[in-house]
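Adding 106 to a residue's 1-based position in the sequence shown gives its number in our numbering.
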Amino acid sequence: MIYSETFDVIVCGAGHAGVEAALAAARMGASTLLLTGNIDTIAQMSCNPAIGGQAKGQMVREIDALGGEMAINTDVTGIQFRLLNESRGAAVQSPRAQCDKKAYQFRLKHTLELQPNLQIFQATVTGLVFEHGRVVGCRTNLDVEFRGRAVVVTTGTFLRGLMHIGQNKNEGGRLGDFSAKTLSASFLEAGIELQRLKTGTPPRILGRSIDFSKMQEQKGDAEPTFFAFHDTRQDGELFHVEQTGERRSGWAPGCEQVSCWMTHTTERTATLVRENLHKSAMYSGEIEGVGPRYCPSIEDKFVRFADKPRHLLFLEPEGRATNEFYVNGLSTSLPFDVQLEMVHSVPGLEKAVLLRPAYAVEYDFAPPTQLLPSLESKKVENLFFAGQINGTSGYEEAAAQGLVAGVNAVNKVRGAAPMIITRQEAYIGVLIDDLVTKGTREPYRMFTSRAEHRLLFNHGSAELRLIHHAKAHGLLSSDRIARIEEKQSTIRRWIEKLESTRIAGGSLADHVRRGAAESVLPEELKNAHSAIKQEVVYRVAYKGYLEREERHIQKLGEIEKIKIPPDLDFITVKGLRKESALKLSEIKPHSLGQASRISGVNPADISILMVHIEASRAGERKERL
Ligand SMILES: Cc1cc2nc3c(=O)[nH]c(=O)nc-3n(C[C@H](O)[C@H](O)[C@H](O)COP(=O)(O)OP(=O)(O)OC[C@H]3O[C@@H](n4cnc5c(N)ncnc54)[C@H](O)[C@@H]3O)c2cc1C
Numbered sequence: 107m108i109y110s111e112t113f114d115v116i117v118c119g120a121g122h123a124g125v126e127a128a129l130a131a132a133r134m135g136a137s138t139l140l141l142t143g144n145i146d147t148i149a150q151m152s153c154n155p156a157i158g159g160q161a162k163g164q165m166v167r168e169i170d171a172l173g174g175e176m177a178i179n180t181d182v183t184g185i186q187f188r189l190l191n192e193s194r195g196a197a198v199q200s201p202r203a204q205c206d207k208k209a210y211q212f213r214l215k216h217t218l219e220l221q222p223n224l225q226i227f228q229a230t231v232t233g234l235v236f237e238h239g240r241v242v243g244c245r246t247n248l249d250v251e252f253r254g255r256a257v258v259v260t261t262g263t264f265l266r267g268l269m270h271i272g273q274n275k276n277e278g279g280r281l282g283d284f285s286a287k288t289l290s291a292s293f294l295e296a297g298i299e300l301q302r303l304k305t306g307t308p309p310r311i312l313g314r315s316i317d318f319s320k321m322q323e324q325k326g327d328a329e330p331t332f333f334a335f336h337d338t339r340q341d342g343e344l345f346h347v348e349q350t351g352e353r354r355s356g357w358a359p360g361c362e363q364v365s366c367w368m369t370h371t372t373e374r375t376a377t378l379v380r381e382n383l384h385k386s387a388m389y390s391g392e393i394e395g396v397g398p399r400y401c402p403s404i405e406d407k408f409v410r411f412a413d414k415p416r417h418l419l420f421l422e423p424e425g426r427a428t429n430e431f432y433v434n435g436l437s438t439s440l441p442f443d444v445q446l447e448m449v450h451s452v453p454g455l456e457k458a459v460l461l462r463p464a465y466a467v468e469y470d471f472a473p474p475t476q477l478l479p480s481l482e483s484k485k486v487e488n489l490f491f492a493g494q495i496n497g498t499s500g501y502e503e504a505a506a507q508g509l510v511a512g513v514n515a516v517n518k519v520r521g522a523a524p525m526i527i528t529r530q531e532a533y534i535g536v537l538i539d540d541l542v543t544k545g546t547r548e549p550y551r552m553f554t555s556r557a558e559h560r561l562l563f564n565h566g567s568a569e570l571r572l573i574h575h576a577k578a579h580g581l582l583s584s585d586r587i588a589r590i591e592e593k594q595s596t597i598r599r600w601i602e603k604l605e606s607t608r609i610a611g612g613s614l615a616d617h618v619r620r621g622a623a624e625s626v627l628p629e630e631l632k633n634a635h636s637a638i639k640q641e642v643v644y645r646v647a648y649k650g651y652l653e654r655e656e657r658h659i660q661k662l663g664e665i666e667k668i669k670i671p672p673d674l675d676f677i678t679v680k681g682l683r684k685e686s687a688l689k690l691s692e693i694k695p696h697s698l699g700q701a702s703r704i705s706g707v708n709p710a711d712i713s714i715l716m717v718h719i720e721a722s723r724a725g726e727r728k729e730r731l
């Protein structure tokens with residue numbers, strides 16, 4: 107049966123990418139359908155119950171600046187908040203929160219249910235429907251076909267998902283869930299290349315079986331750093347779900363924080379792992395997919411860092427209304443009997459009861475160099491990809507892509523220009539540019555070191571950096587836009603005031619740059635909202651570095667502006683090395699700037715291309731005369 111209504115946008119899969127894609131599309135006024143295999147696992151945290159951390163925290167704030175939901179949802183369901191790298195410069199400080207897993211997913215499900223223009227339906231997408239090189243809909247396991255003008259695929263770790271515990275194998279995208287077995291065939295039919303990746307998760311432990319007296323307590327920060335920009339919203343806009351009266355959260359963000367607990371592996375743990383390495387699915391060659399270097403399994407740690415006598419482990423509570431704990435740092439695909447012994451070799455876990463085993467999952471992903479910077483497929487028009495399916499790992503990376511893909515699916519349907527966030531503007535820009543320009547051979551995780559302009563990407567400035575995109579694509583309410591613009595000019599005014607107000611020894615700004623205490627600041631600024639004060643002090647203190655960064659970006663901007671004609675045949679460009687011409691033909695960069703970041707394309711190639719593009723433009727101008 108073909109469902110009667112044709113939607114503007116269909117989103118396949120309600121994980122962290124799918125949720126943001128569906129909300130973004132519906133909030134732009136597009137009729138949106140969110141198809142997912144099980145609506146009770148919407149936005150389930152398959153791995154650690156945490157949001158944020160290094161670079162990821164900054165990205166969540168960027169999602170909030172673009173009207174996404176992850177930041178609010180984390181603030182409301184967070185049970186512990188910490189600001190990482192607090193002792194270092196503001197640019198690399200990253201908020202991180204432990205969340206109540208069930209509260210996180212149920213609040214997002216509720217948010218989706220209340221979203222106008224959005225329909226949620228429980229069905230597994232078994233295939234895509236194509237017409238004339240375009241995607242026009244989805245087939246499902248219910249033999250119901252849904253038609254849409256654009257489709258966003260956000261199926262995570264589920265495509266031909268296969269889980270491993272030693273030699274034991276089970277089909278599924280995660281424990282207790284299904285595997286999307288047939289959808290991959292649709293992609294291959296459309297000429298979309300697929301490869302295999304792998305990721306892993308640690309065991310879950312029953313809290314009352316843990317001896318916390320043998321561990322070190324890690325408390326949250328007394329002053330929580332939140333992810334959402336509370337200062338540029340009305341309450342109604344911030345906690346919109348709770349205010350419908352259908353649900354009361356029962357606690358304000360940041361209060362009644364819970365603790366995490368630190369312990370470590372022992373010599374015994376190392377011996378167990380080394381003696382049983384051959385039984386590990388990862389080390390016995392059972393797993394085809396490539397795993398994340400940055401999220402190593404315990405096997406990887408004892409192999410790659412063999413010199414380290416022990417590795418730290420963190421017991422993270424999975425929520426308020428549960429006694430389940432996540433063992434951060436003990437991800438493995440060793441057989442269950444070895445897992446048990448390994449857990450019992452850890453101080454405080456000698457009598458631990460396992461609620462869920464650790465396992466590894468391998469799955470299909472679609473190498474992202476097959477995408478345009480809008481996240482639309484180069485092979486199939488109106489088909490967008492976001493999340494783990496693009497080769498990334500992490501809720502935050504998935505959510506960022508989902509939001510961009512959702513916005514651009516709507517823009518494509520409306521014939522409007524796509525939202526392209528550049529790597530000079532935000533971590534989200536770095537993420538997408540890295541994916542579509544360089545691709546990835548292992549699960550891609552965001553780091554501050556990936557962002558060459560990270561000094562400009564301090565978490566507090568996300569709104570100020572991205573407001574032009576939010577305005578251009580109608581992602582925020584006019585009230586919020588006005589509040590952000592007010593904040594922008596207030597910050598500018600204070601910077602000018604500090605630079606122009608002279609006291610003994612120079613301007614107030616000079617004193618700030620010399621590291622003077624807050625006491626030198628005018629009373630009014632001291633009492634201003636912390637978001638304004640922190641941004642003013644940051645920009646004044648780092649003025650020289652920030653201005654240099656801006657100048658650098660301006661210079662780079664020149665080649666970013668030089669667009670490459672989409673139909674340019676690189677093979678025919680005289681003087682271009684064959685290897686570069688082949689790489690350029692594969693990636694089809696949209697600008698000279700993007701071309702310059704393709705690995706294997708060197709500056710000489712870029713000069714030749716620049717001359718070629720200029721010459722053909724001059725030729726066109728002459729013809730028009
Ligand atoms: C075992 C495991 C370990 C992990 N370890 C880490 C880690 O260590 N560090 C880290 O950063 N991240 C880790 N992750 C990854 C993290 O969970 C993902 O990065 C994140 O969830 C990706 O979000 P997503 O939206 O792309 O996909 P997912 O969260 O996987 O969501 C996909 C959604 O799509 C639905 N779906 C899938 N196929 C279909 C279909 N055909 N039809 C309808 N619905 C469908 C699913 O039900 C699900 O709701 C791990 C994930 C797993 C499973």
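Note that beta-carbon positions come from the ideal geometry of N, C-alpha and C, so glycine has one too.
Within the model, the alpha-carbon separation for E362 versus E323 is close to 15 Å. Ranking G297, L265, P308 and G278 by CA distance to the CA of S290 puts L265 first. Here H216 is not near A505, since their CB atoms are 8 Å or more apart. Burial is judged here by how many other beta carbons sit within 10 angstroms of a residue's own beta carbon; N708 has fewer than 16 and is exposed. Straight-line spacing of the CA atoms in S722 and N191 works out to 50 Å. Looking at A120, Q199 and E482, the one whose alpha-carbon comes closest to that of G566 is Q199. Here the alpha carbons of M107 and V250 stand approximately 5 Å from one another. Setting aside the 5 residues that flank it on each side, Q186 is surrounded in the same chain by Q204, G326, Q363 and V364, each with a C-beta closer than 6 Å to its C-beta; the list follows chain order. In this structure, the beta-carbon distance from F490 to N514 falls below 8 Å. Between the region 244-261 and the region 123-137, the count of Cβ pairs shorter than 8 Å is three or higher; the stretches touch.
It is roughly 15 Å from the alpha-carbon of A334 to the alpha-carbon of I587.
Counting the other Cβ atoms within 10 Å of the Cβ of F332 gives 16 or more, which makes it buried. Inter-residue distance for T438 and K162 is about 23 Å (C-alpha atoms, whole angstroms). Per DSSP, Q186 is one residue of the beta strand (DSSP E) stretching across G184 to L190.
Comparing C-alpha distances from K661 to each of A687, G650 and G699 shows the shortest one belongs to G699. In the three-state reduction of the DSSP assignment, M716 falls in the helix class. For K680, the three-state secondary structure derived from DSSP is coil. Rounded to whole angstroms, A328 and S386 show a C-alpha spacing of 42 Å. With a contact defined as Cβ atoms closer than 8 Å, D114 and A130 miss out at about 12 Å.
The shortest C-alpha to C-alpha distance from A568 to any of M716, R167, G119 and R133 is the one to R167.
DSSP, read as helix, strand or coil, puts L281 in coil.
Here the alpha carbons of L312 and E381 stand approximately 27 Å from one another. Under the three-state reduction of DSSP, T307 is assigned to strand.
For the pair L509 and T246, the Cα-to-Cα distance works out to about 24 Å. Of the residues M368, A376, V409 and T369, the one whose Cα lies closest to the Cα of M388 is V409.
L581 is not a Cβ neighbour of E531, given a cutoff of 8 Å. In the DSSP secondary-structure assignment, R556 is not bridged to any residue. Under the criterion of beta carbons closer than 8 Å, P309 and P441 do not qualify as touching, at roughly 12 Å. Straight through space, the alpha carbons of S315 and E430 are spaced by roughly 10 Å. Comparing alpha carbon positions, the residue from E655, C153, L214 and V618 closest to A128 is L214. Taken through DSSP and simplified to helix, strand or coil, N434 comes out as strand. Residue environment analysis places Y651 among the exposed positions, since fewer than 16 neighbouring C-beta atoms fall within 10 angstroms of its C-beta. Closer than 7 Å to some heavy atom of ligand 1: that describes the Cβ of L289.
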